[in-house]
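Notes follow once the structure below has been shown.
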Amino acid sequence: MQGRENINTHGQGVELNEDEDQEPEDLIRVFSGASVQFNEFGHVLKVSLPTDYSVACITGLPPGTTPEAVVNTLCDLGFNLDINQVRIPSQGVLSETRATVKMDDPLFAQELSSRLNTTQSVLSAAPLATAMKRTDCRKVSISWHKAAHKAWLNFGTGELANRVAGKFNDGRFTCLGRRVKSSAGKQTSSYNIYSKNPVPWTITLSDIPREATVADIKRAITSRYDDPRHIEMGDISYQASDAEVSIEVRSQLEKHGPLESFHLFCAPTGKRVKATAWFQDEVDARSAHSLNDVQLDILGKGRLTVALVSSAKVKVPTAVYTASKIRIDEAQTSWKQRYLTFRVYPDARQQFTSLKVEGANAKDVAAARKELDQILSGEIITDGGRALWSPAFSTNGNAWRKLKAIEAELKVIVVRSKSKRQLRFHGSPEKLQQAVSRIVELLKEEPTTVHAIDLPPHDLAWAVQGGFKEIEQALGKHVAVFDVASRRLLINGTFEQHALALAITQGKPVSKPHRPLPDTSSATLTEDCPICFCEAENAVQTACKHTYCLECLEEYCKSVASTSKEEFKIKCQGDAGNCTAVFALRELNAHISSSTFEAVLRSSFEEYTQRHPETFRWCPTPECGFIYRCAATSTSASAAATGRLPSYVCPNCFESLCTSCHAQHGAYTCAEYKDIASGGLTALAKLKKQLNIKDCPKCSTPMEKTSGCNHMTCGGCKTHICWVCMAVFERQQPCYDHMNKEHGGIGLDYGYMD
């Protein structure tokens, strides 16, 4: 396979087609110290922690040992595993053979070492430290010299020989469009005793293309005053084609582990053939780095160049990238000094642009990514230390249109966040203060009165199914805003307009809350966003043919991720909420920015951990942010048999923690710590009883009941609870059924509060 050359060792790459350098799609992320695997819709499939497994390094193996032989040896010792868990890195001539084995058992490495010592085996095993990497290093770049000739050119004088050599070296003479190297002129012995010039001069050309002939070299010398007396072509450096070499190179790489992808790039004018490979496992990529500078027979003893590549990628709206380009270009000066590559990939619709930073040093890549994120996040627009905001910016009305005019005039970008009530500035720093001044003046001119109408469930259904359109037709475009998340209508207008909207809302028949769906056959309605019910701005059409504002789609994805109580999924809200389509991650990734996409995945993960407090807990150290697996579920078969629990030290804050009682009690046992703390706990329990506070039976989150029925929903794990007996339920209705059956009601007609 051939394509354009796109491997760059440092500096900025030109704008490329993203498909030419696309890493494999990955539904695995590292969040809070855990490796999290998602399904195609964003629901968490598996959470893996470094403490869930251990890795052993086995030494003393005879040369030529295969993974199958290691599996058989460990099976004889009582361990059950397969060859996918065994890695045998390639060794140098003098290096010993070793193997690494990874098992889903935190005590495996220690147990293997003990058994080998007990059996007095010639083998030995030692645990290897495990940690979640925050930088992806599964990619390697590979290159090798193209097959080429050497040629010897004979001249009558040293001056002429060196003149021609200089023209080849500085690129004035090229062979078949490729630059070649030349040695300096060298005196050689005469081949003819009767020659008028008994001391001829010779230069040696190298890197001559494999397809070149003597005639091609003659044509390369464009001045007739520089013609050589004789040209002698050497043999080609190796006979194999680029495709044949790539098969051998891939075979060498796969000895270190399975590949996800392998791409060959061969430019006709380059001197080297280049390829990239993605491994399934980072440890295999690091092992494959040992192939660097290794000679291959197929290359005629030529050597491979293999380099680990760390990469960081971000996708942003093209307008944001364009506005931030000056600052990004300035940052590239330091990136180039650290030999980092920066590439730009605009998409076909010019709506988004993907940016990638790559390099051999993972820390430098992570630092560059952090700097890039800071640039692309923009500046919060403030005045006097307070964020500039008006409720009028929540609509696409007059204030928003004036703000867009300021954007166009100053050639900057202002991004609004309705949920955070913020405006963010993207552009050259010297224009920030101009934008602030103009926005302050705009807010002085605009009325800021916003009236809110709360919508109970039946009114919400009425508004979704056509009621909001009635209000919009009565008040005009951009006056009313339908805030689906807060279940309110916002009227950005006069008291009279608010009164009219309220009258329309209250004037509907209460017995008929569901009005007929509006006619969606017109072009105007089909373009309305199902979130804000306005004409879509920066329109995005989904696979189910519904059109969203880009901003609304991103905010909707974030809100679903933060409020999901069951299996995570993001459902289309088209057809007044009746569309049955569920957005796949692949589709969302194509439509929204990378920051929003990552926020969706993180929210799904955090919601999952909250719903499984019996399995996962958050490290109690303030601002640590890492999770750990509770002892009841992390105890392996080995630990259960021996009664030993692996000690846990948080890999982020390095605090020692008990995974059984979840306290930081150092060398004390759980019982000893509980006894010491019992005095304070008694006082706390008394206070909680006085305040009518109880702990969730599932995750221990404190809850206070001040009014209402005896059905409670935990704010932590979202489980449903009967306040009378603290029974827990996965869904709401079984809880009400329980209260009616066991307690004679739901608590509104009598005083069940304790």
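Residue numbers for the sequence shown, in UniProt numbering: 1 to 754.
The beta carbon of each residue, even a glycine, is placed where N, CA and C say it ideally should be.
Alpha carbon to alpha carbon, what distance is there between residue j and residue i?
i, j, result
"residue 84", "residue 180", "46 angstroms"
"residue 208", "residue 175", "7 angstroms"
"residue 345", "residue 591", "15 angstroms"
"residue 644", "residue 651", "Unreliable placement is indicated for residue 644, whose pLDDT of 45 sits below 50; the coordinate value is still reported in the next sentence. Looking at the two C-alpha atoms, the distance is approximately 21 angstroms."
"residue 252", "residue 64", "15 angstroms"
"residue 336", "residue 421", "38 angstroms"
"residue 272", "residue 145", "4 angstroms"
"residue 696", "residue 626", "22 angstroms"
"residue 550", "residue 622", "36 angstroms"
"residue 32", "residue 298", "46 angstroms"
"residue 593", "residue 241", "42 angstroms"
"residue 310", "residue 257", "18 angstroms"
"residue 160", "residue 227", "9 angstroms"
"residue 556", "residue 436", "29 angstroms"
"residue 44", "residue 611", "11 angstroms"
"residue 461", "residue 714", "27 angstroms"
"residue 534", "residue 395", "9 angstroms"
"residue 50", "residue 313", "25 angstroms"
Looking only at its chain, what residues have a beta carbon closer than 8 angstroms to the beta carbon of residue i, apart from the 5 residues adjacent to it on each side?
i, result
"residue 123", "58, 59, 60, 61, 73, 116"
"residue 19", "Caution is warranted here: a pLDDT of 44 is assigned to residue 19, below 50, making its placement in the model unreliable, and the coordinate value is therefore given only provisionally. Hits under 8 angstroms: none found."
"residue 842", "One cannot answer for residue 842 here, as it falls past the ends of the chain, which runs 1 to 754."
"residue 156", "197, 200, 201, 229"
Specify, as a first and last residue, the run of the alpha helix (DSSP H) that residue i falls within.
i, result
"residue 589", "585 to 591"
"residue 505", "495 to 506"
"residue 377", "362 to 377"
"residue 331", "318 to 337"
"residue 832", "Here the chain comprises residues numbered 1 to 754, so residue 832 is not present and cannot be evaluated."
"residue 75", "67 to 76"
"residue 41", "Element bounds for residue 41: n/a, residue is neither H nor E."
Report buried or exposed for residue i, applying the criterion of at least 16 other Cβ atoms within 10 angstroms of its Cβ.
i, result
"residue 244", "exposed"
"residue 341", "buried"
"residue 82", "exposed"
"residue 708", "exposed"
"residue 230", "exposed"
"residue 496", "exposed"
"residue 648", "buried"
"residue 255", "exposed"
"residue 225", "exposed"
Looking only at its own chain, which residues have a Cβ that is under 6 angstroms from the Cβ of residue i, when we skip the five neighbours before and after it?
i, result
"residue 698", "613, 717, 719, 728"
"residue 186", "202"
"residue 471", "480, 501, 504"
"residue 602", "31"
With residue i as the anchor, note down where its beta strand (DSSP E) starts and where it stops.
i, result
"residue 31", "28 to 31"
"residue 58", "54 to 61"
"residue 549", "547 to 549"
"residue 781", "There is no way to answer for residue 781, as the model of the chain reaches only from 1 to 754."
"residue 359", "352 to 359"
"residue 227", "Unbroken run through residue 227: none, as it is neither H nor E."
"residue 490", "488 to 491"
"residue 704", "702 to 704"
"residue 155", "148 to 155"
"residue 617", "616 to 618"
"residue 188", "Counting along the chain, residue 188 falls outside any beta strand (DSSP E), and DSSP gives it neither H nor E."
So, at 7 angstroms on beta carbons, what are the nonlocal neighbours of residue i in its own chain, with the 5 sequence-adjacent residues on each side left out?
i, result
"residue 327", "375"
"residue 498", "451, 491"
"residue 29", "36, 601"
"residue 162", "184, 185"
What would DSSP say about residue i, mapped onto helix, strand or coil?
i, result
"residue 695", "strand"
"residue 626", "coil"
"residue 238", "coil"
"residue 419", "coil"
"residue 169", "helix"
"residue 207", "strand"
"residue 450", "coil"
"residue 713", "strand"
"residue 315", "strand"
"residue 413", "strand"
"residue 348", "coil"
"residue 163", "helix"
"residue 609", "helix"
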